[in-house]
Amino acid sequence: MKTVKTLFFALLVLAITPMATAQTADEILDNYFENTGGKDAWNAIKSIKAEGKADFGGQIFNFVTTLMLDGRMAIEIDLQGQTFIPEAFDGEKQWRTNFQSMKAEAVDEETSTNYKRNEANEFPDPFLNYSDNGYSIELLGEEIVEGVETYKIKLNKNPIVVDGKEEDLFVIYYFDKENFVPILQESTVPSGPQKGVKVETTFSDYQEAGDIFYPYSVGIKYNGQLAQSISIENIEINSEIEDALFVMPEGETDEKKD
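In the working numbering, the protein residues as written are 550 to 807.
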């Protein structure tokens, strides 16, 4: 009887051990933030200003992306000697420069509302305090991505409205099992002319930026075809940012009509 009991408990320990040592989605995120500076350092960020070069189909241009804690955002690019803002968010609405008229115009209300529900709340990282934004996460398992063992995590965001109808929104991330940093993000364009197109974003070359580590190289593919390569050359954390950067110029066009 003693032998049977010993065997039973031995099998019980073997059955429990994998469960005890397996990573949960939250534990993976804890390791991610710990390896990239710690949550205190991430939570201390009020602004991020990244400068670098982007290669869009062979056309290379300088860019500056500015992100703020309150959700405001602006992307400035210098193309053939002309500087303009292709995308911005002033805290309430999105706006952009029309490439034909070179004048600023507000995007449609639906797009702005969707941005406010999600991306505007994701600074400085979509996984930091994710539950405060109404998000949830799921560990979908493990997967090898270009020879790298990864954890596959699903980030469920807030529903968006597409053509007047509410739809679910989620993004899949692949975290390097060795370093616990995301190396790939998968999503699908939810609306517009490219609706349904699969988007793959790769992250690499993690370097120190202030008190955190940040990916300095980003690649974007649409349906498997490389569309844009981004190389960050400098990142400023909590630098002085002029409020006027995010404000749509007065006297420009009204909301864009689709």
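In this text, a Cβ means the ideal position worked out from N, Cα and C, and glycines have one as well.
Predicted, not measured: the structure shown is a model, and the values here were computed from it.
Asked: Opening and closing residue of the alpha helix (DSSP H) in which residue 662 lies; Found: 658 to 666
Asked: Three-state secondary structure assigned by DSSP to residue 755; Found: strand
Asked: Nearest-angstrom Cβ-Cβ length linking residue 597 and residue 784, presumed shorter than 8 Å; Found: 7 Å
Asked: First through last residue of the alpha helix (DSSP H) which encompasses residue 578; Found: 574 to 584
Asked: Close-in-space but distant-in-sequence residues of the same chain around residue 716 (CB under 7 Å, 5 per side omitted); Found: 708, 709, 739
Asked: Among 654, 799, 637, the one whose alpha carbon lies nearest that of residue 669; Found: 637
Asked: In chain order, each beta strand (DSSP E) run of at least 3 residues that lies wholly inside the stretch 747 to 801; Found: 747 to 758, 761 to 771, 774 to 786
Asked: Paired residues, beta bridge with residue 733 - DSSP; Found: 723, 751
Asked: Inter-residue Cα distance where the pair is residue 791 and residue 690; Found: 44 Å
Asked: Euclidean distance between Cα positions of residue 614 and residue 599; Found: 5 Å
Asked: Spatial neighbours of residue 754 in its chain, beta-carbon cut-off 7 Å, leaving aside the 5 residues before and after; Found: 764, 765, 766
Asked: Neighbour-count burial assignment, residue 718, 16 or more Cβ in a 10 Å radius; Found: buried
Asked: Alpha-carbon to alpha-carbon, residue 704 and residue 680; Found: 10 Å
Asked: Pairwise C-alpha distance: residue 633 and residue 796; Found: 13 Å
Asked: Contact check, residue 694 vs residue 721, beta carbons under 8 Å; Found: no
Asked: Per-residue burial, residue 622 [other beta carbons within 10 Å of its own, 16 or more giving buried]; Found: buried
Asked: Environment of residue 548 [buried if 16+ CB atoms lie within 10 Å]; Found: In the structure as shown, the chain starts at 550 and stops at 807, and residue 548 therefore has no counterpart that could be examined.
Asked: Unbroken alpha helix (DSSP H) run spanning residue 592, endpoints; Found: 588 to 592
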